[in-house]
Amino acid sequence: VDCMAFNEQILAGGRPTLFELLAQEGMQDAVGPAFKYVCKVLAQSRPGTLGLLWRWCDELYLLADSFLQAYFIWRYGGTFAENFYSLCRVGCSRQHLRVQRAWQLSTKCKVLSVLCVVLLPYVWTKLDKLHQNTQDEWEGTASAGGTRVKLTLWGYPVLSFAWEALAFLCRLQYLFVGDNSAAFYSPLLWVAGVTLVRREEEGPQEESSLVEKLSANVFPFALFGLKLLQWWYSSGRSEAASAFATLPIPPPPPLATNRPAPNPQACPLCLQKRHQPTALSTSGYVFCYPCIETYLQHSGRCPVTNIPSNQTNLVRLYV
Numbered sequence: 096v097d098c099m100a101f102n103e104q105i106l107a108g109g110r111p112t113l114f115e116l117l118a119q120e121g122m123q124d125a126v127g128p129a130f131k132y133v134c135k136v137l138a139q140s141r142p143g144t145l146g147l148l149w150r151w152c153d154e155l156y157l158l159a160d161s162f163l164q165a166y167f168i169w170r171y172g173g174t175f176a177e178n179f180y181s182l183c184r185v186g187c188s189r190q191h192l193r194v195q196r197a198w199q200l201s202t203k204c205k206v207l208s209v210l211c212v213v214l215l216p217y218v219w220t221k222l223d224k225l226h227q228n229t230q231d232e233w234e235g236t237a238s239a240g241g242t243r244v245k246l247t248l249w250g251y252p253v254l255s256f257a258w259e260a261l262a263f264l265c266r267l268q269y270l271f272v273g274d275n276s277a278a279f280y281s282p283l284l285w286v287a288g289v290t291l292v293r294r295e296e297e298g299p300q301e302e303s304s305l306v307e308k309l310s311a312n313v314f315p316f317a318l319f320g321l322k323l324l325q326w327w328y329s330s331g332r333s334e335a336a337s338a339f340a341t342l343p344i345p346p347p348p349p350l351a352t353n354r355p356a357p358n359p360q361a362c363p364l365c366l367q368k369r370h371q372p373t374a375l376s377t378s379g380y381v382f383c384y385p386c387i388e389t390y391l392q393h394s395g396r397c398p399v400t401n402i403p404s405n406q407t408n409l410v411r412l413y414v
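Under the numbering used here, residues 96 to 414 are what the sequence shown spells out, in order.
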């Protein structure tokens with residue numbers, strides 16, 4: 096009887112609109128970047144002592160998010176963002192992607208919910224970084240790459256597209272399904288065997304805990320403040336960059352009378368085979384170390400391009 100009453104109460108409360116679900120999803124997605132921004136600022140302020148915060152930022156966020164989401168799922172039946180928007184999770188059958196029955200969350204549903212909310216985004220972030228790093232390494236080499244490189248470069252975009260398409264189809268069917276049934280808004284909800292409904296507050300309310308008070312009153316404003324600061328500094332940098340881009344382009348320096356020798360192994364100054372080859376980092380030309388060192392002492396410019404240079408721009412080549 097209690098299960099039937101609970102089922103009727105949940106289904107009668109109505110399912111949340113698509114805008115409510117998008118709002119709570121946006122709030123959940125904003126927590127991670129805000130946490131990483133705080134770690135980045137702290138690491139930049141004290142690189143020696145707090146540099147590990149940025150290096151292990153993803154793992155630290157995984158631990159903090161696991162504790163936060165597990166607390167809210169076990170206590171209130173929904174994630175932090177879902178509880179903020181007065182939503183909760185209920186167990187349901189997966190037949191026809193619709194709720195046939197609804198019941199209170201079991202331990203299995205709670206564990207699956209925590210894994211889907213916390214662990215899968217962490218794995219997805221690591222895959223994204225692996226794909227980006229592999230792409231950067233592959234672009235810097237002329238080789239075609241091995242099987243792992245090809246799988247990372249071509250398999251990850253296909254997997255990402257398939258996931259986004261599946262998520263879009265779930266939202267589309269949620270939008271057009273009847274109001275008398277609660278469809279799965281996300282594939283992760285289907286995996287966990289739960290769906291989202293509005294939470295109805297009935298009866299006397301127990302006193303809120305410290306975590307709930309902080310999350311309901313302080314955390315949203317702190318999150319908004321962090322995003323505002325991030326936007327402020329990013330917009331300031333972009334304005335400075337745009338102002339710098341509007342400056343007139345300086346004319347190129349006049350070419351020196353000296354020209355590179357036709358022989359690529361010859362020094363542009365002495366026109367002989369290079370002895371102790373040394374590159375000038377400002378222009379990229381390679382000279383004999385005694386020739387370029389003496390020339391820079393007197394002129395302070397590249398002998399080929401006339402770019403201002405000094406001895407600190409010399410790089411010895413050991414070939």
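Yeah, the Cβ is synthetic: ideal placement off N, Cα and C, and Gly gets one too. Keep in mind it's a predicted model, so treat the numbers as computed, not measured.
Pairing Leu291 with Pro252, the inter-Cα distance amounts to about 29 Å.
Contact annotation: Pro403 and Arg396 have beta-carbon atoms nearer than 7 Å. The beta carbon of Leu137 lies closer than 6 Å to those of Leu145 and Leu148 in the same chain, with the five residues before and after it left out. Look at Gly173 here: in three-state DSSP terms it is coil, with no helix or strand label.
Close CB contacts of Thr174 within its chain, under the 7 Å cut and outside five residues either way in sequence, are with Gln123, Gln164, Phe167, Ile168 and Val212 (chain order).
Cα atoms of Trp285 and Pro111: separation of roughly 16 Å, rounded to the nearest angstrom. Rounded to whole angstroms, the separation of the alpha carbons of Leu155 and Phe114 is 31 Å. Annotation: the continuous beta strand (DSSP E) that includes Ala374 extends over Pro372 to Leu375.
In the DSSP annotation of this structure, the continuous segment of the beta strand (DSSP E) that includes Cys183 starts and ends at Leu182 to Cys187. Under the three-state reduction of DSSP, Val381 is assigned to strand.
Judged by DSSP in its simplified three-state form, Val218 adopts helix. Of the candidates Leu116, Leu182, Leu409 and Leu207, Leu409 places its Cα closest to the Cα of Thr377.
A direct Cα-Cα distance of roughly 34 Å separates His370 from Pro346. DSSP, reduced to helix, strand and coil, places Val399 outside both helices and strands of the structure shown, so it counts as coil. When secondary structure is reduced to three states using DSSP, Leu264 falls in the helix class. Annotated three-state conformation of Arg293 is strand, per DSSP.
The Cβ atoms of Val244 and Thr229 sit closer than 7 Å to each other. Taking a C-beta distance under 7 Å as the contact criterion, Arg294 and Ser181 qualify as a contact pair. Going by C-alpha positions, Tyr390 is about 21 Å away from Asn358.
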